[in-house]
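Count along the sequence shown starting at 1, add 9, and that's the number in my numbering. Take a look at the structure set out below.
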Amino acid sequence: MIVRGVIATALLALLLAAPAAASERHPTLAELEHEVMCPTCHQLLELSDAPVADRIRAFIQTRIDAGDTKSEIKRRLISEFGEVVLAVPPAHGFNLLVWLLPLLGLAGSGAVIAVLVRRWSRPSREPGPAETDYVLDPRFARRLEEELARFDR
10 MIVRGVIATA
20 LLALLLAAPA
30 AASERHPTLA
40 ELEHEVMCPT
50 CHQLLELSDA
60 PVADRIRAFI
70 QTRIDAGDTK
80 SEIKRRLISE
90 FGEVVLAVPP
100 AHGFNLLVWL
110 LPLLGLAGSG
120 AVIAVLVRRW
130 SRPSREPGPA
140 ETDYVLDPRF
150 ARRLEEELAR
160 FDR
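Below, the structure is given as structure tokens:
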């Protein structure tokens with residue numbers, strides 16, 4: 010039963026790969042409007058009527074006419090506006106959680122999800138020098154003591 014599911018999924022992936030490859034080489038404005046967000050109103054480009062959305066549409070059409078691929082156009086948009094311009098986050102780094110959490114949720118692995126979120130959301134800290142490693146310059150220490158004594162008067 011599981012083998013049939015895997016085979017069916019693989020066949021479906023192969024069937025969808027050809028149109029996806031064609032879409033990559035010859036994107037359309039309508040396609041990209043559905044995959045790009047307006048950086049001003051944070052809506053899909055196809056739904057936005059903001060002036061910047063009109064400029065992005067014109068830019069996309071210019072790049073399509075120049076023969077750019079979908080990936081090239083998206084890279085240019087990301088370099089201008091950041092990853093916030095993408096409707097679907099890239100599947101790497103912290104954004105990978107967007108792709109993995111639904112799969113882990115289906116598997117019923119609540120504990121695994123909690124561990125992954127905690128691990129990836131915690132900033133890494135480099136251990137700092139221990140207090141005993143720091144030696145105060147005697148001249149500075151004497152001056153500090155004099156200044157503090159002046160405030161105590």
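Here a beta-carbon is modelled for each residue, glycine too, at the ideal position from N, C-alpha and C.
Looking at the DSSP output, V61 sits in no beta bridge, so it has no partner there.
Shown here, L95 sits in a strand according to DSSP, grouped into three states.
Judged by DSSP in its simplified three-state form, L145 adopts coil rather than helix or strand. At a Cβ-Cβ threshold of 8 Å, T71 and P36 do not count as neighbours. Considering only I16, L38, E155, the residue with the shortest C-alpha distance to G76 is L38. For A75, there is no enclosing alpha helix (DSSP H), since its DSSP letter is neither H nor E.
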